[in-house]
Each structure stands twice: as structure tokens, then as C-alpha cells.
Amino acid sequence: MRVPYKWIKDYVDIDVTGQEFADGMTMTGTKSETVEYPGEEINNVVVGKIVDIRPHENADKLVITTIDVGKGENLQIVTGAKNVSVGDVVPVALDGSTLPKGVKINKGELRGVMSNGMLCSAKELGIEEKCVDEKSKNGIWLLDGSLTLGQDIKEALMLDDAIVEFELTSNRPDCMSMLGIAKETAATFKKEIKMPDTSVNKTQGHFDFKASSEDKKLCPRFMLRKITNVKIEPSPAFIKNRLIHAGIRPINNIVDITNFVMLETGQPMHAYDAKMLTTGQIVVKRAKAGEKFTTLDEVERTLDETMLMITDGEKSLGIAGVMGGLNSEITDNTTEVIFEAASFDSESIRLTSKKLGLRTDASARFEKGIDINRAKLGLDRACNLVEELNCGAVSENYVDTLDKIPPKNVVTLSFARLVGKLGENLTKEQVKELLERLYFEIEYQDDKMLVTVPYSRIDITMSDDILEEVSRLFGFDKITSKNIVAEVAIGQKSPIHLFEDMSRSALTANGLTEIITYSFIGGKDLDMINFPKENLLKILNPLGEDTSIMRTTLVPSMMNVVKRNDARKNPFFAGFEIGHIFISQGSDVEPIQKKQLVGAFYGENQGFFELKSMLEGAFEQLAVFNRRYEVENNMHLFHKNRCAKIFAGDTLIGYIGEVHPEILENYEIKKRVNLFVIDFDTLFKTRDLEKKAKPVSKYPSIKRDIAIVVGERVLCSDIEKVIENNSSHILKDVELFDIYQGTNIEKGKKSVAYSLTFTADDRTLKDDEVNEVHANIVSALEKELDAHLRS
């Protein structure tokens, strides 16, 4: 960004050279790239006025001019310029003058006529011709008629200045204005800032107009104010010169005011010819797909529904935040003007500008973000300049769509942590003084700092931002350089990480192979397993639709691996994965992140008991005891009547079962696939780390087999529970060894056989003791389960 040093001195009273100014700003974080002195090589060039023009006797393409250079002195100068006329005020290079690039001007004869100097173009004075008016292009630079004749051209055109080029980072949109740089200057050089006058002393008429925004997110604020009795004319020299040094071509006083305010405050402005707005309203809304619109540069552009437009309710007037339309531009015949100052969503403006291939000074500012309060500052300043230049009458009121000014952002941080990170023993008063130079408000509550951020600093959101502000104003060069001090500590894994390693080893030892898949999936993956699409954590910049959400379960990833193995004719698969799943709790709350264990199996046999035996073996190694299984028929993932809940004690830890046929069909898998899904964090909590040992009985044990016939729907776990509840302490083990249905067993029944082991720790058991317990067990089975001994 090009910043004229003298413009900054209008707001901050500093007395340093241009280079010292640039260096000081660099040291506090506003990096300067170059310092240019536009008038450095210009010497002996003054303001002159053409008082006479006559033909050259010896050359048709030359004319002889008489130039008044002040103090009653007239000079004769020969020129070939075609754009000059009597009364024009022009730059005059006198005899012995110098111009940029080492050009020297001396008097001499041109075709036999003495010429005592040269009339200068903007280019010859080092000014780009794109910045001057159309009449001055490819000819002599026609200056403001109010300039003093004989005045040094450097002073008249503000060329005796230093232009500092600042390299601004994208997070500092507040510095894309002279006031923004002025605030940084005041903070750097410990000075007060003088804000520009925004008052309007005389108003005329009530502004009866309506404005509305159909999308408050894309346009939270839209302000308008009317100017009547407008006189369109060239701007005064100080505005023209400021615009030219910033690389903007002066057009007329109204348009120049909007550009001047944008440069000064950072708030882009727009001016409409009020007579073109016939509906009495402005409506901000999205464009229609395929809509055609001609912008001020006379180019017809094709819009889409993502682009925000300024309309009068019927026709479009401008592309919001980018460029106005040709149908409401300011012309020499304009007599009434409506000024616009608005706030737009930065992302919306950036995308619109990119799609249209149209980047303007306004869009460059809007796309980086402008605080919502700056619209009023810009509008008030524009109206103040209208009054100062006496080019119109300002209405007594303005239109504003903002309902309520939002509160300032407050950042809370620890003073001790801030000073500790900085590495300097600053006091609370020192930190407060540094931040107040940047217009922060500071309140201390013991060690806690409450920092109220000014509206313009939209980049300040967290404690480290405050640390950076303190550091750069304190001076990075003043921070003491210290060696890094670190203590070497032996790293070790947390208990749950150790348990995770043990689980991998146990599962692998029991025949399962570990797989690793991506943490993100697509919505279609959840549809494949009929999983509800709730509490999804969506990725802001996904690689594609298939990787657009963080997984809420590991099952789709496992099923994709099973499908891949089946498609490649692999006859056997047994795999597991331990990984994170992510559950959203809303935009304002951190998502839940937890671990899940999933395993799958298919082979030549049915597979349920093979997978269960693998899991049981792993549980034994992981000290997960008191396991039991209960039938579950309402799990969308599993085949009805072929699914069980897994408990450790009274805690539900997961499910195991055969995958539902519909899901297998979705994956085009024709084999039976069995699956277990376990909450790994819960599994970790249920492990029993206490090692218990007891002496082995030295007395012999007695084994008795029992075969009973029960209904085929009776669960083995229920049978075992009855046996255990109706036995004494001498029953040490219950082992199922046979289940039979067929010959000699009536339909709807099954035979279940157990081996019961009886042992006493202090004596040799007698048959009578065992018979009594055995009889109690048989009686209880008959009574509670309608069982009978198999004959």
C-alpha cells in the first residue's frame, strides 16, 4: 500500500524523516518495502499560466506560448502540445531545470524561435498518465486553476514528499487506510492522533428512503445519505494530489470524495445519481442465475445466484462490494446524489470478485474484512467533505439497516502467562500502557486480564494475539535473547495407550489382523449401513464428497475392507481396527472424540462362534472378566436373532452378531459376515487390574455330567445362571460340552449337557454332599426353566 508521509502527518504530529518513519514502522510490525521521493530529481520547475498562443512561423506542428510564471515575469516557450489553450495552468520547467531520470532543460532556439524552457507532461514529472484526467493524457499536464503562479511545482503538487510502500499482511485490513497507518504511527512514536472532522454543520431536507437486506449475514449493515443541490466540478488540488499519489485518477468532486474517503478511512464508498433511483428504496439481495449486468467499466457481466447485488427492488444497480453499475453513475448533469457505505461478508466478496475476474480497490478491502462501525465513519466523513468543498447540501438524516451495534470483543488471558511467554519482566502498568497506545481497554482482576478490542481490530481473537501486540510495541529488538532451557524427561505412554497396545497384541494373538483406515468418510457410507445421520462433524474443505465428514463409527470403513477382500476372492478374513470416532455437539461446543474397536470375520464356516472365540481369548488376556451375552433384536446393523449385547459385569461394552443381509447386499457381499463393535473407552474402564491368587486344592475333585432337555429358545446363559444360583461353594466349574436337537428329542426342544466340577479346599468330598447339591440344581432347573433330565 502506497502511503504519502505528509498525509500521515495530517493526523500525527511527528518530526522525523521519511526513512526514519518507514524504519520505525517496520520495527513495530508494519513492514515498509521502499521509500520513494517523487520530487527528488525535480528542480527549478514552477506553476505557470498560458496568457497567449500564436503560430510558429517556421513549423506547422509547433506553437509559441507566452507563460506567466508569477512576479510579473512572462516567458516565451515553444511547444508542440495540442491540448493547451489560453488560460491553462501548467508545469513550466525553467532554464537550467532538472527532471526525473536525469533530464536537464536549457533555453535554446526551436526552428529559429527562442524557447526559454519547457511545458511538462505528467509523465515527464514522474507521474503515471493513468492517474491524470483525460485532457492531460498524451499532452501537457493541465493543473488546477487555483494554484499560485510561480510556486515551486513540488510544493504545488505535493511532490516534496516521501511515498512509503508498506507490505501489509492479510490479517491487518485495518491498515489499508491512512487512518489505520496513522494509528500505528501514533502508537510507534508515542504520539496522539488527530481524527479527521466528520461533523456536518448545516443540513437540508429529510431523506425519505428505504433500505433493506435480504441476507443479514452477507450484508449486516447498509447506510445511505442524500446530497442535494450538487455541483459537479473538478476537485480542489489537495484531493487531486492525494488521489494521484495513491494511484487513483481524479474524475469529479463527488466521485473523488468517495475515493478519498476510502483511502483515508478504509471504508469503500459509492455514489448514485439519485434521479436514477425511481422506486424510493434499495434492496440488497442475491443475483439471479444467468443475470446480465453492465458495470461502470462498460463491460457486461454474467452473474450467478451466489453474488450479492444492490438493487432498487426492480433492477440491479451494482455488484455489492465490487463495482457499481453504468445505469446509476455520476455524470456532469447529476444534481442529486445518494452516498452508500455498507458492510459485506468478506468471503462472499472474495468469491464474487474471483468469479468475475474483477478486482477493485473496494473489493480488495472488503474481501479482507471491514468492521461494522466503519460504515458510519466513512459516510460522515464524505458528507463533511461535501460541506467543506461547498458542492452540495447534506440531508438531515441517513438510512441505516443495522438494528443494534454489536458489543466489542473481549479477550481474557493470564498476565503471568503473557509475561512468561514474552520473557521480559514487564509490570501490569507497562503492559496496559503499551496496549492503550493501540486503543485497547484493559481491566485487571488479580492475574486475569480482560482486554476489550477496538472494533477495527477484527484480527484479534485470542490471547496470543494480545501477546503479539505487546511484543511488537515493546520492540522485538529489545527482548532479551536467552538460551533454551529444557529438562530431559523419560517419556512414557498413558495407561489407555498401553491398554491399546495390549489390545492389539491380544487380538492379533487370537487370529485377527489389524487394519488402518482414514478418519473421514462420506454420507453414502452411513447410508450403506443404515446409520442415522445425526451429530455429524462436517469438514470445511473436504477433498471430495466421499471424504466430507469425520466418521461417527468405524463400521463403514471395516465393511469396505471386507468387500475388497471378498471381491479379490480371499476365502478367509479376520480383521480389527482401533480408531477414533467423532460426534458433533453443535457449532459452539467441542465435538466428542472417543475410540471404538471393530472386528469382522468371514470364512467357510458360519463364523459367529469363531469370531466370538477370538474375542473371548482377547478378553482373557486383557483381564476383562465377568463377561456375559444377551440377545439383542433391535440393532439395525445385525441380523435379527443373530446379535448379542456384550456385558462386562453390569456394563454394556458392545455388540457382536451377523451383519444384516440388506447391508451385505448394499456392499454386494454374498458371504455371511460377522462383526463386533465395542466402545473401547468403556472396555478400558472395565478391565480388572487386581491380580488374585489362591492355593490349588490338594483334595481330589468330583465331576458330574448333567444333560437336560429345555425349550429351544432357552438361553445357555440362563441355564448357567440357575446352576450357579442353586449350588454351594463346592461347585467350582460349569462347562457346556454339548447341544443337541434331533432324534429322540421332541420338536421345539433341545438337549444341553454340562460338566460340573465339585471341589472342597479343606477335605475330600463325599458322594452324599455332591448328590445333595446336584439334586438342588436339577430341581431348580425343572422349576425355573421347565427342564427335565434327558433319559
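Going by UniProt numbering, the sequence shown opens with residue 1, and the numbers climb by one from there. Just so it is clear, CB atoms sit at the ideal spot from N, CA and C, and this is done for glycine as well.
Out of the options, which one is the CA nearest neighbour of residue i?
i      : options                        : result
Pro268 : Leu326, Ile8, Asp679, Asp371   : Asp371
Asp464 : Arg417, Lys612, Lys766         : Arg417
Val46  : Val488, Ile8, Gln151           : Gln151
His56  : Asp718, Gly18, Met114, Tyr37   : Met114
Asn530 : Ile405, Leu450, Glu665         : Glu665
Thr26  : Asn106, Val164, Cys120         : Val164
Ile702 : Gly72, Lys210, His774          : His774
Asn373 : Ile248, Ile723, Ile484, Phe222 : Phe222
Thr508 : Asn570, Pro542, Leu615, Met559 : Leu615
Ile8   : Val337, Leu179, Asp400         : Leu179
Glu367 : Glu388, Ser343, Ile338, Lys292 : Ser343
Ile583 : Leu537, Lys191, Leu263         : Leu537
Gln76  : Lys107, Phe520, Asn43          : Lys107
Asp733 : Tyr740, Pro495, Glu724         : Glu724
Thr185 : Val16, Glu291, Thr517          : Val16
Excluding the five sequence neighbours on either side, which residues of its own chain have a C-beta within less than 7 Å of the C-beta of residue i, listed in chain order?
i      : result
Asn397 : His206, Phe207
Asp68  : Gly48, Lys49, Val51, Asn74, Leu149
Ser199 : Asn384
Asn716 : Strictly speaking, residue 716 in this sequence is Cys, with Asn absent from that position. So the qualifying residues of the chain are Leu736, Val752.
Glu610 : Phe601, Gly603
Asp679 : Gln596, Ile653, Gly654
Ile257 : Ala382, Leu385, Val386
Return the first residue and the last residue of the beta strand (DSSP E) that residue i is part of.
i           : result
Glu667      : Looking at the sequence itself, residue 667 is Tyr, so the reference to Glu does not match. Segment: none, Tyr667 is in no beta strand (DSSP E) and carries neither H nor E.
Ile50       : 43–56
Ala707      : 702–711
residue 838 : What is shown of the chain runs 1 to 791, which leaves residue 838 out entirely.
Leu317      : 316–319
What does a CB cutoff of less than 6 Å around residue i pick up in its chain, not counting 5 residues either side in sequence?
i      : result
Val419 : Leu426
Val561 : Ile515
Thr682 : Ile653
Gly579 : Leu554
Cys120 : Pro91, Ala93
Ile458 : Gly369, Asp371
From the DSSP output, read off the bridge partner residues of residue i.
i      : result
Glu36  : Ile163
Gln281 : Lys210
Ser343 : Arg221
His270 : Glu340
Met449 : Leu413, Tyr444
Ile521 : Ile549
Gly579 : Gln596
Val752 : Ile708, Ile739
Asn674 : Phe601, Glu658
Thr294 : Glu300
Glu630 : Lys645
Ala393 : Thr228
Thr65  : Ile53, Ile77
Check residue i in the structure and name its three-state DSSP category.
i      : result
Pro454 : coil
Ala287 : coil
Leu731 : strand
Val89  : strand
Asn327 : helix
Cys643 : strand
Ser548 : coil
Glu590 : coil
Ile539 : coil
Gly511 : coil
Lys6   : helix
His636 : coil
Gly108 : strand
Phe573 : strand
Ala59  : strand
Leu689 : coil
Which two residues bound the contiguous alpha helix (DSSP H) that contains residue i?
i      : result
Asn252 : Here Asn252 belongs to no alpha helix (DSSP H), and DSSP marks it neither H nor E.
Val770 : 767–785
Met558 : 555–567
Thr26  : 18–27
Val12  : Where Val12 is concerned, there is no enclosing alpha helix (DSSP H), given that its DSSP letter is neither H nor E.
Ala382 : 374–389
Leu435 : 428–436
Gly117 : Premise fails: Gly117 lies in the beta strand (DSSP E), 117–119, not in any alpha helix (DSSP H).
Can you find the residues in the same chain that come closer than 8 Å, C-beta to C-beta, to residue i, ignoring five residues on each side of it along the sequence?
i      : result
His639 : Gly657, Glu658, Val659, His660, Pro661
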